[in-house]
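Each remark here refers to the structure printed beneath this line.
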Amino acid sequence: MGASTQVSSGLRTRQLILALSVLALVGCAGGRDTRAPAAPTALPTSTPLSSLTPWPTYTLYPTWTAPAPPPPPPTCDCPTCTPVPPPSPTATPERVAATVLAVVDGDTIVVSCDGREERVRYLAIDCPEVAHDEQPADWLGDEATQMNIRLVEGQTVWLGQDTPDRDAYGRLLRWVWANDTLINAELVRLGYAYLRSNAEESRYAGLLHTAEHEAQQALRGLWAATPTPTPRPTRAPSLTPAPTATAGPCNYVGNANSMIFHKASCSSVAKMAPGNKVCFGTREEAIAQGYRACKICKP
Ligand SMILES: [Zn+2]
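Residue numbers (the working numbering): 107 to 405.
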């Protein structure tokens, strides 16, 4: 028996049931309707009931099973996934405010903090290198620097202390917050930094791990397909040997420790240790010696 025959048989069955129902209703209301019920011969062409076997062929319901429950939301396998609260606007021994004077590269900045200029290295991450010592920049090294500039340059940030306090180069090792964003994790999330091996044991391991996972899933930056290597212009060595104080006008003052130079009138100059001060007559002299301009006084 073809499918169309089954359907038409089913329809005929329903027609028959409908007709019988109408007849029954008419019978119930019989007191008011005296017409004779329609003769059963009105459906002479109906298929005999004995040949109607549609039900055994319906196999949909017997095999229907309840749909599987939706999968549980993905669980995070990070050590801690609790959102990190934004820093309160009050300084603590472990957290101080600082002004970002300059961005050195993706993971290093120069800040003014308690009147001192300090180089700060972000904890737990590594950004690709910018060109230095005649070495060309790593892939995305300059882009990481540009992103760091967008995130923190000229801003007041919070520096979160951890151990160790400084690295072998004398730089402060810090967690750096801009508003409620942990910059260390944000650079990872945006695909401009790798996690260092010590990130796993750090206090923000969960946040860092989640950030790296997001960057990897989205194929951002360092996780995108590696481009065909293209020759990059090599920057001239940015650092010169020991800076030397020069005689003459002191229109600009450099800090030999941070390698940042300021207008002589900048408040940072007044706080600078005398031994670190280097005088320049012009900003070009300072730049030629490898100094970067302060982002606050903009010399
Ligand atoms: Zn300045």
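We treat Cβ as the ideally placed atom computed from N, Cα and C, and that holds for glycine.
Quantities reported herein were computed from a predicted structural model and do not represent experimental measurements.
Going by other Cβ atoms of all chains shown within 10 Å of its Cβ, with 16 needed for buried, is residue i buried or exposed?
i: D273; result: exposed
i: T269; result: exposed
i: R280; result: buried
i: S218; result: buried
i: P234; result: buried
i: Y275; result: exposed
i: D213; result: buried
i: A237; result: buried
i: E224; result: buried
i: E306; result: exposed
i: P179; result: Interpretation of P179 is limited by its pLDDT of 45, a score under 50 that renders its predicted location unreliable; the figure taken from the coordinates is listed afterwards. Looking at its Cβ environment, which holds fewer than 16 other Cβ atoms inside 10 Å, P179 is exposed.
i: E200; result: exposed
i: D211; result: buried
i: A250; result: buried
i: G247; result: buried
i: L257; result: buried
Please name the residue in the options whose C-alpha comes closest to that of residue i.
i: G354; options: L328, T388 and K377; result: T388
i: C400; options: G381, A370, P380 and A379; result: A370
i: Y397; options: F367, W283 and A305; result: F367
i: I255; options: P405, R201, I289 and A321; result: I289
i: P405; options: S374, M378 and A379; result: S374
i: G327; options: R201, Q252, E224 and Q241; result: Q252
i: Y228; options: A299, K377 and L325; result: A299
i: V216; options: M365, P242 and A324; result: M365
i: G266; options: P242, V226 and E240; result: V226
Suppose the cutoff is 6 Å on Cβ atoms and the five residues either side in sequence are ignored; what does the same chain contact list for residue i look like?
i: N285; result: none
i: A392; result: Y358, G360, F367 and F386
i: W329; result: G297, A321 and Q322
i: S344; result: In this predicted model, S344 has a pLDDT of only 43, less than 50, meaning its place in the structure is not dependable; the value taken from the coordinates is given anyway. Here the set comprises G396.
i: A394; result: none
i: N382; result: N361, A362 and N363
i: E259; result: V206, V209 and K401
i: A331; result: none
i: P308; result: Contrary to the premise, residue 308 reads as Ser rather than Pro in this sequence. Within the same chain, S308 has close Cβ partners A230.
i: G407; result: The chain is shown from 107 up to 405; residue 407 falls before or after that span and cannot be answered.
Enumerate in chain order the residues of its own chain whose CB-to-CB distance from residue i is below 7 Å, with the five nearest sequence positions on each side excluded.
i: L301; result: A230, I231, V294, L314 and E318
i: W261; result: It is worth fixing the name first, because residue 261 is Gln in this sequence and not Trp. These residues qualify, in order along the chain: V206 and A284.
i: N304; result: A230
i: D244; result: P234 and E235
i: C356; result: A370 and C385
Give me, in chain order, the residues of the same chain whose beta-carbon lies closer than 8 Å to that of residue i; leave out the 5 immediate sequence neighbours on both sides.
i: Y310; result: V190, A230, W281, L288, N290 and A291
i: C372; result: V359, C400, I402, C403 and P405
i: D271; result: L278 and L279
i: E390; result: none
i: A324; result: G297
- Check your reading: residues with Cβ closer than 5 Å to ligand 1 heavy atoms: Working through the chain, the matches are H368, C372, S374, C400, I402 and C403.
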